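Right, one structure below, let's go through it.
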Amino acid sequence: MKVIDLTHTISEAMPVYPGTEKPKLTTVNTYSKDGFKETLIQIYSHVGTHMDPPAHIFASQKTLDQFSPEQFIGKALVIDCRDLKEGQSITIDKINIDKAVSADFLLFNLGWDKRWKDESYFNDYPCIDDEVLEFILQGNFKGIGFDVIGLDPIHDENLTRHKALFKNRDIVNIENLKNLDQCGNDLFWFSCFPLKIENCDGSPIRAIAWYD
């Protein structure tokens, strides 16, 4: 079995969304003092490679802990968008429709993971346009994902795409993926399980691709 890790490591030095505090990993028990090591982890729910549920935007909508486990596993397809320049849109012609309709997850590869820990990671990354968003909403997808820090442009404080995605759909959105360039252009198995936290508005995940 071939397995590809699509997850950034959580660390105190990692990039975070503007206005968010960086993680704090504090050793509270040590080998020398206590005979074991234990760490106090302080992180925002939307740090690193993470997942948004509808409750991230709408108070009355579904939280991550209310989804069944089946929501977080299935077949995925990577959409190669690495030729797009900053500020351009992800358009429907990027998607192989015949393959996409058989997928549970559409993962958009902008090549942005190569900018991780570089200030340019916060530049004007390409985002899906209205036609692509409508295609997603009309499909039966469990989730979508990106190797950038947001579904919306970083300057869109209204979170327009988030609102449209979650308004009437129980779907998840994944941000800050990596290594999508290693996944090929055919369907593959994909999992993205979040922590099961009560009333969860978002959670770091361990995103994995694998091939039988």
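Heads up: the sequence shown begins at 61 in this note's numbering, then just goes up one per residue.
Note that CB positions come from ideal geometry on N, CA and C, so glycine has one too.
Computed from a predicted model, the values in this text were never measured in an experiment.
The straight-line gap separating the alpha-carbon atoms of phenylalanine 226 and aspartate 189 is approximately 16 Å. Taking every protein chain shown into account, the CB of aspartate 143 has fewer than 16 other CB atoms within 10 angstroms, so this residue is exposed.
Assigned with DSSP and collapsed to three states, proline 213 falls in coil, not helix or strand. Contact between aspartate 125 and cysteine 260 holds: their C-beta atoms lie close to 5 Å from each other, under 8 Å.
The continuous alpha helix (DSSP H) containing valine 192 extends over residues 190-198.
In the DSSP assignment, serine 263 is bridged to Met111. Of Ala115, Pro129, Asp272, the smallest CA-CA separation from threonine 123 is found for Ala115. Leucine 137 sits away from alanine 119, with the two beta carbons spaced by 8 Å or more. Comparing C-alpha distances from lysine 97 to each of Ser105, Gln148, Leu85, Val107 shows the shortest one belongs to Leu85.
Boundaries of the alpha helix (DSSP H) around alanine 160: 157-160.
Beta-bridge analysis with DSSP links alanine 136 to Phe165, Phe248. The three-state reading of DSSP puts glutamate 81 in coil, since its state is none of H, G, I, E or B. In the DSSP assignment, alanine 269 is bridged to Ile64, Phe250. When the alpha-carbon of proline 78 is set against those of His215, Gly171, Asp230, Leu247, the nearest one is in His215. Between leucine 197 and lysine 93, the alpha-carbon positions lie close to 54 Å from each other. Looking only at Asp112, Ile133, Thr69, the smallest Cα-Cα distance to aspartate 212 is reached by Asp112. Residue environment for aspartate 153: exposed (fewer than 16 other C-beta atoms within 10 angstroms of its C-beta). Shown here, glutamate 179 sits in a helix according to DSSP, grouped into three states. Look at serine 149 here: in three-state DSSP terms it is strand.
Here glutamine 102 is exposed: its Cβ has fewer than 16 other Cβ atoms, across all protein chains shown, within 10 Å.
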